[in-house]
Amino acid sequence: METIYKSSYFEVSNDPSKQMFYFSYSEDTFNMQSAEYIESLRDFIKLIYQHTPKFILGDMVDFQFIITPDIQQWIDENLFKVYEEIGFKKIALLLSKEYVPKLSIQQTMEEDSTDSFKTRYFDNSEEALTWLLAS
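Under our numbering, read the sequence shown as residues -3 to 131, first letter to last.
Listed below in structure tokens is the structure:
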């Protein structure tokens, strides 16, 4: 697995043999501004277009940012549409330990209007990986 993006808040690795991305957020997201979050998502969209993963394992355990309804809508209109466009299949998320960020993540995923990929939440990465790679 190769790291293809890194910022103070967000890191993305690619495993081409599995057509899979792995991303993780740091606790520094507590101090992240909305514009910074959107910018990291724009960078992520560029990576999606470059590498066209079919699967993503997202580690959001340390995620502290609260995704507002406006940003949730932006994600649906921008990121989720790209997932649909490239034939993306599944995302497994390890959720934040903090209640409000966790709730905002779940609400964001429920905003998906494409209905083109599957989402599941997990407590550990082994179970998540098993689900992702099962046919």
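Ideal placement from N, C-alpha and C gives every residue a C-beta, glycine not left out.
For Met56, the three-state secondary structure derived from DSSP is coil. A direct Cα-to-Cα measurement between Phe6 and Glu81 gives close to 24 Å. Around the C-beta of Gly83, fewer than 16 other C-beta atoms lie within 10 Å, and the residue is accordingly described as exposed. Annotation for Thr126: the continuous alpha helix (DSSP H) segment containing it runs Ser121 to Leu129. In the displayed model, Tyr95 falls within a helix according to three-state DSSP.
Annotation for Glu81: the continuous alpha helix (DSSP H) segment containing it runs Lys77 to Ile82. Ala88 is bridged by DSSP to Leu53 and Arg116. Proximity of the stretch 35 to 55 to the stretch 7 to 24 meets the contact definition, three or more beta-carbon pairs being nearer than 8 Å. Scanning its chain for C-beta atoms nearer than 6 Å, with the 5 sequence neighbours on each side dropped, one finds around Met16 the residues Pro49 and Phe51, in chain order.
In this chain, the alpha helix (DSSP H) harbouring Lys42 covers Ser30 to His47. One thing to note: Leu75 has its Cβ no nearer than 8 Å to the Cβ of Leu99.
Taking a C-beta distance under 8 Å as the contact criterion, Lys14 and Leu91 do not qualify as a contact pair.
Bridge pairing for Phe17: Asn10 and Ile52 [DSSP]. Under DSSP, Thr(-1) forms a beta bridge with Ser9.
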